[in-house]
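See structure below.
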Amino acid sequence: MKLNKKQNEKYTLISIYVIITAMIIYSLSLVAKSAPAIFQYIMDKLSWLVRVARPIVIAFVFAYIFDPVIEFFEKNYEKVKIGRKGKERHLKSSRTLAVLTTIFLIIFLLSGIISLLVFSVTDQIRFANFDDLIILAESYKKNINDFYNSVLTQLNKLDIQSEQVSDYVRLVSTKLLDGLKVMASSLVSSISNISSYLTTFIFSTIIGIYFMIDGAMIKKFVKKVGEALLSEKANKRISRFIKDADQVFSGYIRGQLTDAVFMMILISLTLSVVGVKFAFIIGIIAGIGNLVPYLGPFIAYIGTAIVCLINGQYRELLIAVIALFIVQTLDGNVIQPKFLSQSIQIHPVLVIISLIFGNAIGGLFGMLLAVPVGALIKLLFVRYIDYRLEKKKEEKEEGEVEKEEKNQMAKKI
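Those letters in the sequence shown? Residues 1 to 413, by the UniProt record's numbering.
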């Protein structure tokens with residue numbers, strides 16, 4: 001069968017499309033296989049940008065978190081009048097004074113926390129001599145052996161062979177040693193990078209102070225740039241998104257920080273009253289862990305259990321667990337909802353899903369930001385659904401109006 005010129009051109013064009021499609025698919029498969037290497041190459045080339053951006057981002061975060069505190073002091077300083085009677089005037093540098101007051105307050109709080117940690121540790125060994133430390137070490141060893149033997153006794157009653165337990169203990173010991181080796185190497189790496197951390201801290205502090213002092217001016221400049229470069233519609237959308245993000249993040253982060261400090265004090269005092277050793281250390285670590293949902297209570301329970309079991313404080317352990325349960329219940333149902341903004345209304349299941357994604361993407365730092373990001377996504381999604389429903393309602397009403405108009409026209413004809 002002979003093909004005419006038109007058919008020949010048609011099949012030639014189809015062949016070219018097939019070849020091009022196959023080449024594109026093959027190229028995409030190669031890119032997909034090499035994606036990790038390509039991503040790593042891009043990240044290596046952009047590592048300098050990350051190093052430059054890191055102190056700026058840290059400075060922005062701290063300026064953003066403490067902005068309400070600065071505004072509080074600024075409003076109070078603006079009320080202060082100086083000068084002789086009849087020639088009184090307001091302070092010109094109220095913002096700068098507010099920033100300095102906030103910085104001194106932060107330093108004071110950090111110094112207090114560090115002092116409590118040092119005092120809590122030194123208080124345990126202040127009156128101890130060398131013989132007391134030997135007795136204390138032997139007591140710890142005896143308590144651990146007694147606990148291990150009691151576990152073996154209970155397992156034997158359950159018809160579980162001690163060899164299996166020994167094998168499991170050896171496996172756990174190996175894992176712990178491997179973990180300690182990794183921690184040691186990480187510690188050495190961190191010490192070697194201390195100059196880099198110090199440089200980042202200094203630049204972050206300087207930039208953060210400028211952000212705190214000139215925050216209002218920076219906001220005006222960014223708004224002016226947005227109005228100049230973007231359309232009115234795009235500018236409104238971005239402004240609304242920034243407002244939503246600010247509402248969610250400010251409500252969550254500042255609320256969580258306040259709750260963490262409150263729980264830090266409450267857990268420390270509770271464990272001290274019960275008589276648990278190293279109560280302030282457990283309380284401070286649990287309070288910091290409270291920044292991540294469900295992590296604070298876990299640290300409080302595990303830390304208390306370890307300290308009490310090592311020191312043979314079984315009675316105190318029982319009382320402490322009950323007291324911590326009451327404190328955590330009070331925090332979850334009364335204290336935390338008061339501190340958190342009303343905009344953070346998020347279901348526990350969504351919190352857990354957000355934490356899983358946050359941990360997978362950014363580790364501990366990702367978990368810190370996971371819940372507010374999840375709340376923001378939920379807010380935007382709900383708003384989009386409401387918008388779509390409203391639009392469908394309007395389209396339905398317009399359709400009914402058009403239908404009514406057509407019926408009226410038909411009746412007139």
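Ideal Cβ positions, reconstructed from N, Cα and C, are used throughout, including at glycine.
| Item | Value |
| --- | --- |
| Secondary structure at Lys81, three-state DSSP: helix, strand or coil? | strand |
| Return helix, strand or coil for Pro293, following the three-state DSSP convention. | coil |
| Between which two residues does the alpha helix (DSSP H) carrying Ser268 extend? | Glu232 to Val274 |
| DSSP three-state call for Gly303: helix, strand or coil? | helix |
| Work out the CA separation of Phe241 and Ala59 for me, nearest whole Å. | 22 Å |
| Which of the three DSSP states, helix, strand or coil, is assigned to Ile346? | coil |
| Mapping the DSSP letters down to three states, classify Gln336 as helix, strand or coil. | helix |
| Got a sec? Which residues, its chain only, sit under 6 Å from Ile299 by beta carbon, not counting five neighbours each side? | Ile285, Ala286 and Gly289 |
| Of all the options Lys406, Arg95, Val373 and Tyr252, which has the alpha carbon lying nearest to the alpha carbon of Ile209? | Arg95 |
| Under three-state DSSP, which class holds Gln313? | coil |
| If you follow the alpha helix (DSSP H) that Ser34 is part of, which residue opens it and which one closes it? | Counting along the chain, Ser34 falls outside any alpha helix (DSSP H), and DSSP gives it neither H nor E. |
| When burial is assigned at 16 or more other CB atoms within 10 Å of the CB, is Met1 buried or exposed? | Any reading at Met1 must be qualified, since the residue scores a pLDDT of 48, below 50, and its modelled position is unreliable; the value itself is stated next. Met1 comes out exposed. |
| Could you check what DSSP says for Asp178 in three-state terms: helix, strand or coil? | helix |
| Taking the alpha carbon of Ile265 as the reference point, which residue from Leu117, Leu350, Gly399 and Pro68 has its own alpha carbon closest? | Leu117 |
| Between the alpha carbons of Asp214 and Tyr41, how many angstroms are there, rounded? | 37 Å |
| Measuring straight from C-alpha to C-alpha, what distance separates Gly312 and Ile353? | 38 Å |
| Does DSSP classify Phe73 as helix, strand or coil? | helix |
| Run through DSSP, which three-state label would Phe108 get? | helix |
| Which stretch, first to last residue, makes up the alpha helix (DSSP H) that contains Ser204? | Ile194 to Ile213 |
| For Val382, which option in Glu402, Ile346 and Phe357 has the closest C-alpha, if you only look at C-alpha atoms? | Ile346 |
| Evaluate the contact criterion for the segment 319-328 versus the segment 387-399: three or more CB pairs, one atom per stretch, below 8 Å. | no |
| Under three-state DSSP, which class holds Met1? | At Met1 the pLDDT is 48, less than 50, meaning the model places this residue with poor confidence; the figure from the coordinates comes in the next sentence. Residue state, collapsed to three classes: coil. |
| Pick helix, strand or coil for Leu100, following the three-state DSSP scheme. | helix |
| Three or more beta-carbon pairs under 8 Å between the segment 223-235 and the segment 290-310, yes or no? | no |
| Could you check if Ser268 is buried or exposed, using at least 16 other CB atoms within 10 Å of its CB as the buried criterion? | buried |
| Give me the Cα-Cα distance between Ile65 and Phe249, rounded to the nearest whole angstrom. | 9 Å |
| What's the call for Met367, buried or exposed, on a 16-neighbour Cβ count within 10 Å? | buried |
| For Leu368, name the three-state secondary structure that DSSP assigns. | helix |
| When the Cα atoms are used, what is the spatial distance from Thr202 to Lys175? | Position check: residue 202 holds Ile in this sequence, whereas Thr was assumed. Between Ile202 and Lys175, the C-alpha separation is close to 38 Å. |
| Give every residue of the same chain whose Cβ lies closer than 7 Å to the Cβ of Ser113, excluding the five residues on either side of it in the sequence, and list them in chain order. | A quick correction: the sequence has Ile, not Ser, at residue 113. Cβ neighbours of Ile113 beyond the five flanking positions: Ile284. |
| I need the DSSP call for Lys378, collapsed to helix, strand or coil. | helix |
| Which residues mark the beginning and the end of the alpha helix (DSSP H) in which Ser47 is found? | Ser47 to Ile65 |
| Assuming Ala98 contacts Phe211 under a Cβ cut-off of 8 Å, what Cβ separation, rounded to an integer in Å, is found between them? | With 8 Å as the limit, Ala98 and Phe211 do not qualify as a contact, their Cβ atoms being about 13 Å apart. |
| Is the separation between the beta-carbon of Val327 and that of Thr270 shorter than 9 Å? | yes |
| What do you reckon, are the CB atoms on Ala323 and Gly296 nearer than 9 Å? | no |
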